[in-house]
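Peer 1: Just so you know, the protein sequences line up as chains D and H, in that order.
Read in order, the letters of the first sequence correspond to residues 1 to 268 in full-length UniProt numbering.
Read in order, the letters of the second sequence correspond to residues 1 to 218 in full-length UniProt numbering.
A virtual CB, placed ideally from N, CA and C, is assigned to each residue, including glycine.
Just passing along the structure, written as structure tokens.
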Amino acid sequence: MSAKLEFAVKMSSPLCADKIQDQLRQNGISKSNIHISYETGTVTVTTDQPSSLILNSIEKTGIKAVLKGYGSATYDKNLGAAVAMLGGSTGYSKLGIKGVVRFVQINNNECIVDGTIDGLSPGKHGIHVYECGDLSNGCDRIGDHLNLKQTSHGNQTDGPDFRHTGDLGNITANEDGRAIFYFKDKLINVSHLIGRAVGITENEDDCGKTKINTSDVDGNSGKRIACGIIARSSGLFENNKKICACDGVTLWEERDVPLAGPGRQRKI
Amino acid sequence: MAPKIMSLIILSVASAAVLVSAASPPFQERKAIVVLKGPGQVNGNVTFIQANRGGPVMITGVVSGLTEGPHGFHVHEKGDVSNGCISTGSHFNPQGNKHGGPNDETRHAGDLGNIQADNTGVAQFSFSDPLISLVGAHNILGRAVVVHADTDDMGRGGFTDSLTTGHAGSRVACGVIGILDPVTAWDKSAGHRSTTTSHVLLLTAVAAIASTLAANSL
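Printed below as a string of structure tokens:
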């Protein structure tokens, strides 16, 4: 089962639509899975690829895009969509790590985990959902791995009785320190994740397999080096292009001006 | 006739018992927290505590780095900060109302009015709100708290955006509301428990009436 991604794209002419379509098709997306509306400035793609790759593909044409909706390609109803920003100004990280992890429920039994994390040391790092969403002391107060069934630590691919709810295994950072990941999980459900945290660990998670030290608790994955709260985000077509009713600023302008402070004080 | 009534009584009592045993455990006090940060120097912490389902939420916090005076303080619909405070959407407004103040009949659920910063730029506050919740349709978990640059006019300022945003200006800090306690499931089903409970109560009452009627006719 695939996901559908909705992007707000600032197209200056109808020709842009063709350029975007060509670029997406070069990325292996068939024509029937691409819908572009120049009038509404929307590009909708049905895919099994990470959202960051699709976004890059669109932006390769030199046109800016923002992911504004994410949902199931099969169901019209929003079954649950969430996003966590790690590090940066809203999440927490000691080491300048930044990233985004999206959770999208595509049916009752499958949740997409789609993310990009930058600034990691190359190699494997554990990724888990933690039980609390308290960033008042960095990543120290987010609690233990989310464990709704009181089970031992395990791997994301293990059965429901052999892993914590929040055990999502490892992600792998490349030589540049970037990890891009995309998988479907059968145990987590977006409704259980809202308001909790997702965190990345210093070391590789042994997924409970080594049986030494804290293997059955945290897989010896070490300190949490970046975390963020799992927040509600927009499902498909829930978000108007003018997403800020607050001051009438559109996505585009907002992206280009400082969020607050002197540059933002002038009325647009 | 009597055995029939007796069996009716037994059936009613038994079904009521089954339904009661299926009812959820009592509501456990819920606590949530938001850490506010902005691109400037504004930062703060706010906690939300709800002791009873459907009861008021106690809001306690400290925000510093503000300019002196009142600043709009709202819960926004989404907690999505992937494009900064802007992607948190509009004020949380599940009822589709016009903007107002926290004490107004007509208001967004997320309209919490203003917080007042002193001459050192610190706002300390503690108040309760009847409309926001940590359970059910007005659940604010996973949404964002946004502090604005200017005063929220509570819809009365006569500006073009008074009835939508209270003319509170740009967003100087925001954060996502996260779980503090308890750590057990806070999912959607928990939010619908009250309906189940009321059904159980109704059926129990029906069963009790049936038993009384049957007893009287004996």
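1) Could you tell me which whole alpha helix (DSSP H) segments of length 4 or greater appear in the UniProt domain "Superoxide dismutase copper/zinc binding" (42–177) of chain H?
2) At least one CB of chain D closer than 9 Å to the CB of residue 103 of chain H: is that the case?
3) For residue 35 of chain H, which residues in chain D fall below 7 Å Cβ to Cβ?
4) Less than 9 Å between CB atoms is the rule here; does residue 177 of chain H satisfy it with respect to chain D?
5) Please determine, among D:20, D:125, D:54, the residue with the shortest C-alpha to C-alpha distance to residue 219 of chain D.
6) Counting only beta-carbon separations shorter than 9 Å, does residue 243 of chain D have a partner in chain H?
7) Give me the residue from D:136, D:160, D:9 with the minimum Cα distance to residue 38 of chain D.
8) Compare the C-beta of residue 123 of chain H against all C-beta atoms of chain D and say whether one is closer than 9 Å.
9) If we call anything under 9 Å between Cβ atoms a contact, is residue 173 of chain H one with residue 65 of chain H?
10) Could you name the residues of the same chain whose beta carbon sits closer than 6 Å to that of residue 70 of chain H, not counting the 5 residues immediately before and after it, in chain order?
11) Looking only at its own chain, which residues have a Cβ that is under 7 Å from the Cβ of residue 18 of chain D, when we skip the five neighbours before and after it?
12) Can you confirm whether the region 97–117 of chain D touches the region 69–84 of chain D when touching is taken to mean that 3 or more C-beta pairs between the two stretches lie within less than 8 Å?
13) Quick check: the region 108–118 of chain D against the region 180–198 of chain D, are there 3 or more CB pairs under 8 Å?
14) So if I threshold CB-CB distances at 7 Å, which residues from the region 213–228 of chain D count as touching chain H?
15) Tell me where the alpha helix (DSSP H) around residue 16 of chain D begins and ends.
16) Would residue 192 of chain D count as contacting chain H if we go by Cβ distances under 9 Å?
17) List the endpoints of the continuous beta strand (DSSP E) containing residue 180 of chain D.
18) If we call anything under 9 Å between Cβ atoms a contact, is residue 130 of chain H one with residue 28 of chain H?
19) Within 10 angstroms of the Cβ of residue 6 of chain D, are there 16 or more other Cβ atoms? Answer buried if so, exposed if not.
20) What is the DSSP secondary structure of residue 191 of chain H, counted as helix, strand or coil?
21) Taking any Cβ of chain H, which residues in the region 43–68 of chain D have a Cβ under 9 Å from it, in chain order?
22) On the DSSP letters alone, give me the boundaries of the alpha helix (DSSP H) that residue 193 of chain D sits inside.
23) Using the C-alpha atoms, what's the distance from residue 67 of chain D back to residue 170 of chain H?
24) Please state whether the Cβ-Cβ distance between residue 143 of chain H and residue 92 of chain H is less than 9 Å.
25) Between residue 223 of chain D and the rest of its own chain, which residues show a CB-CB distance below 7 Å, the 5 nearest in sequence each way excluded?
26) Spatial neighbours of residue 176 of chain H within its chain, please: C-beta separation below 6 Å, excluding the five flanking residues on both sides.
27) For the beta strand (DSSP E) containing residue 168 of chain D, list its first residue and its last residue.
28) Looking at residue 146 of chain D: is its Cβ nearer than 9 Å to the Cβ of residue 169 of chain D?
29) Where does residue 215 of chain D fall in DSSP's three states?
30) Let me make sure I understand the geometry here. Which of H:97, H:81, H:67 has the alpha-carbon closest to that of residue 122 of chain H?
31) Which same chain residues end up closer than 8 Å to residue 163 of chain H when comparing Cβ atoms and leaving out the 5 residues on each side of it in sequence?
32) According to the Cβ coordinates, are residue 70 of chain D and residue 52 of chain D closer than 9 Å?
33) On the three-state DSSP scale, how would you describe residue 64 of chain D?
34) Give, in chain order, every residue of the region 77–109 of chain H whose Cβ lies closer than 7 Å to some Cβ of chain D.
35) Residue 108 of chain D bridges to which residues according to DSSP?
Peer 2: Concretely, from the data shown:
1) Whole alpha helix (DSSP H) segments, 4+ residues: 162–165.
2) no
3) 135, 136
4) yes
5) D:125
6) Note that residue 243 of chain D scores 37 on pLDDT, short of 50, meaning its location in the model is unreliable; the coordinates nonetheless yield the value given after this. Flagged as an interface residue toward chain H: residue 243 of chain D, by a C-beta distance shorter than 9 Å.
7) Of D:136, D:160, D:9, the residue nearest in Cα terms is D:9.
8) Under the 9 Å criterion on CB atoms, residue 123 of chain H is classed as non-interfacial with respect to chain D.
9) yes
10) 114, 116, 151
11) none
12) yes
13) yes
14) So the list is empty, because no residue satisfies the distance condition.
15) DSSP places residue 16 of chain D inside the alpha helix (DSSP H), whose first and last residues are 14–26.
16) yes
17) 179–185
18) In this structure, residue 28 of chain H does not lie closer than 9 Å to residue 130 of chain H by Cβ.
19) With 16 or more other Cβ atoms within 10 Å, it is buried.
20) Legend: pLDDT at residue 191 of chain H = 37, less than 50; position of this residue unreliable, no value from coordinates given.
21) 66, 67, 68
22) From DSSP, the alpha helix (DSSP H) with residue 193 of chain D extends over 190–193.
23) 22 Å
24) yes
25) 201, 202
26) 79, 144
27) First-last of the beta strand (DSSP E) with residue 168 of chain D: 167–173.
28) At least 9 Å separates the beta-carbon of residue 146 of chain D from that of residue 169 of chain D.
29) helix
30) H:67
31) 98, 99, 155
32) 9 Å or more divides the Cβ of residue 70 of chain D from the Cβ of residue 52 of chain D.
33) coil
34) 78, 79, 80, 81, 82, 83, 84, 85, 86, 87, 89, 90
35) None; residue 108 of chain D has no bridge partner.
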